[in-house]
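Position 231, counted from 1, in the sequence shown is what full-length UniProt numbering calls 231; the numbers after and before it change by one each time, with no gaps. Cβ coordinates follow ideal geometry from the N, Cα and C atoms, glycine included. Remember, predicted model here, so these are calculated numbers, not experimental data.
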Amino acid sequence: MSELFPLPGSGYRGPAPAYARLRAERPVARLEVEGGGHAWVVTRYADVQAVLDDPRFSRAATYGPGAPKFAGLFQAPPGMIISLDPPDHTRLRDLAGQAFSPERIEGMRERVRELVTRLLDGLTGEVTDLVAEFASPLALTVICELLGVPEQDRDRFHTWVRQFADVSGPEEQAIAGREALAGYMAHLVLAKQAEPAEDVLSALIAARRPDGDRLGTEELIGLGYTLLGAGFDSTAAQIANSVLTLLAHHPGQWRLLGAEPERIPVAVEELLRTVNLSANDTSGLPRLATEDVTVAGVTIPAGDAVFLAFSSANHDRAVFADPDRVDLGRADNPHLAFGHGIHRCLGAPLARIEIAVALQELTRRHPDAELAVPEPELTWRLGDVNHNLVALPVRLG
Numbered sequence: 001m002s003e004l005f006p007l008p009g010s011g012y013r014g015p016a017p018a019y020a021r022l023r024a025e026r027p028v029a030r031l032e033v034e035g036g037g038h039a040w041v042v043t044r045y046a047d048v049q050a051v052l053d054d055p056r057f058s059r060a061a062t063y064g065p066g067a068p069k070f071a072g073l074f075q076a077p078p079g080m081i082i083s084l085d086p087p088d089h090t091r092l093r094d095l096a097g098q099a100f101s102p103e104r105i106e107g108m109r110e111r112v113r114e115l116v117t118r119l120l121d122g123l124t125g126e127v128t129d130l131v132a133e134f135a136s137p138l139a140l141t142v143i144c145e146l147l148g149v150p151e152q153d154r155d156r157f158h159t160w161v162r163q164f165a166d167v168s169g170p171e172e173q174a175i176a177g178r179e180a181l182a183g184y185m186a187h188l189v190l191a192k193q194a195e196p197a198e199d200v201l202s203a204l205i206a207a208r209r210p211d212g213d214r215l216g217t218e219e220l221i222g223l224g225y226t227l228l229g230a231g232f233d234s235t236a237a238q239i240a241n242s243v244l245t246l247l248a249h250h251p252g253q254w255r256l257l258g259a260e261p262e263r264i265p266v267a268v269e270e271l272l273r274t275v276n277l278s279a280n281d282t283s284g285l286p287r288l289a290t291e292d293v294t295v296a297g298v299t300i301p302a303g304d305a306v307f308l309a310f311s312s313a314n315h316d317r318a319v320f321a322d323p324d325r326v327d328l329g330r331a332d333n334p335h336l337a338f339g340h341g342i343h344r345c346l347g348a349p350l351a352r353i354e355i356a357v358a359l360q361e362l363t364r365r366h367p368d369a370e371l372a373v374p375e376p377e378l379t380w381r382l383g384d385v386n387h388n389l390v391a392l393p394v395r396l397g
């Protein structure tokens, strides 16, 4: 019986078990896709990097006429930064990078700490839901403040992002969420163009290339809701799933991080490597071979779609010693949690700050924290782009 992509058994603690066999036996595998058609899945670290570095594998071509389409997977709209190839992508990245300067992002650290402190100060019950009461409001507030979204509008954003991220429901529902986000961002862009402020959206509006080129209104809208969706949903899930990993499987390490916070930056990198965010073990965003290309001795025909199994690559023993072990002291950790190459996540430095500060304060304040229910009783949002917990009830102690 032929294997179907997405492969079954993916979880927050690692990719589907079949990926270990694929890495060993068929690192570039042609798989039938659930719902029809086929695609190639690349599973080894070096091969994933090679595809990402090869311009013959195109993101933009996946939107062309006749390109294969896959039901039940996240569909990024065309024209977004994650949907483009050079030179269009290069131009957009150059302009967006001006607003995401290292100084601006590092300058957010103390504000993140203020928000973490305020949220933790407000936790008074015997049992706390660290999704609804901590991870979600933290990530949403940070990205909304960064973009200049007024506080009274943030609950609506939460609803729209949840619609956009749910790939299990009717396509119309995801489209409605996407269009609501785009409509609001259009309004916000116009407001910031009229009255700039000290936020990233205003900085994006002000960004210029040496020849005077700047972002158009539609590009600003696309960047705005791309940053909002990725900066909120993915970061909130990574924080919650990292806390779950530590409390359920490494409680001694939780206490150690609280006592020795200088260990946290290295621990964050290992949590990024081993906590599997993606519900289908890939970004869900295919690339199209624009000509016949050979990868690891296997020829992928022109016109075929390719998915990159980042979670699998992060468990490749050719790169990571004892790759299935969570080693929070792992010093050499070139993981692909944020991608690689030209499409490497623009918001990675901010996500690292949020995760690190959240863990610093949680472990310091609450060294005796424990799950309030057995792990098997936790529920997950089925059909989401990410492994998203519905709730994470914790006794903080």
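- Counting the other Cβ atoms within 10 Å of the Cβ of Q75 gives 16 or more, which makes it buried.
- Excluding sequence positions up to five before and after A296, its CB lies within less than 6 Å of the CB of P27, V28 and D47, all in the same chain and listed in chain order.
- Residue pairing from DSSP places E32 in a beta bridge opposite L4 and H38.
- N386 has S278 as its beta-bridge partners, per DSSP.
- A direct Cα-to-Cα measurement between I264 and G231 gives close to 21 Å.
- Taken in chain order, the unbroken stretches of alpha helix (DSSP H) that lie wholly in the region 208–281 and span 4 residues or more are 217–229, 235–249, 251–259 and 264–274.
- When the Cα atoms are used, L92 and A61 turn out to be separated by approximately 17 Å.
- Judged by their CB atoms, L272 and A337 are nearer to each other than the 7 Å cut-off.
- When the Cα atoms are used, A182 and Y225 turn out to be separated by approximately 6 Å.
- Contact check for T290 against S83 fails: the beta carbons are separated by 7 Å or more.
- Straight across, the Cα-Cα distance linking Q152 with L257 is about 36 Å.
- Contact between D199 and L115 fails: their C-beta atoms lie close to 16 Å from each other, not under 8 Å.
- Rounded to whole angstroms, A358 and R118 show a C-alpha spacing of 12 Å.
- Non-local C-beta neighbours of P393 in its own chain, meaning closer than 6 Å and more than five positions away in sequence, comprise V127, D129, A372 and V373, ordered along the chain.
- For the pair R352 and E32, the Cα-to-Cα distance works out to about 36 Å.
- Counting only runs of 4 or more residues that sit fully inside the region 97–173, the alpha helix (DSSP H) segments are 102–106, 109–121, 136–147 and 154–165, in chain order.
- The closest CA to that of Q238, considering only L389, A248, V161 and L215, is found on L389.
- Under the three-state reduction of DSSP output, L371 falls in the strand class.
- The beta carbons of N276 and S311 sit closer together than 7 Å.
- When C-beta atoms of the region 100–112 are compared with those of the region 208–217, fewer than three pairs fall below 8 Å, so the two segments do not count as touching.
- When the five nearest sequence neighbours on each side are left out, the beta carbons in the same chain lying within less than 8 Å of the beta carbon of A331 are those of V266, in order along the chain.
- Nearest neighbour of L220 by Cα position, chosen from D53, A99 and W40, turns out to be A99.
- Nearest Cα to P65 within the set G303, A313, H315 and A194: G303.
- Of the candidates P6, G11 and R23, the residue whose Cα lies closest to the Cα of R317 is R23.
- For V306, the enclosing beta strand (DSSP E) stretches over residues A305 to L308.
- Your pair Q163 and G148 does not check out as a contact, with CB atoms roughly 22 Å apart and the cut at 8 Å.
- Here E218 is exposed, its C-beta having fewer than 16 other C-beta atoms within 10 Å.
- T62 is not bridged by DSSP to any residue.
- Counting only runs of 3 or more residues that sit fully inside the region 283–361, the beta strand (DSSP E) segments are 287–289, 293–295, 298–300 and 305–308, in chain order.
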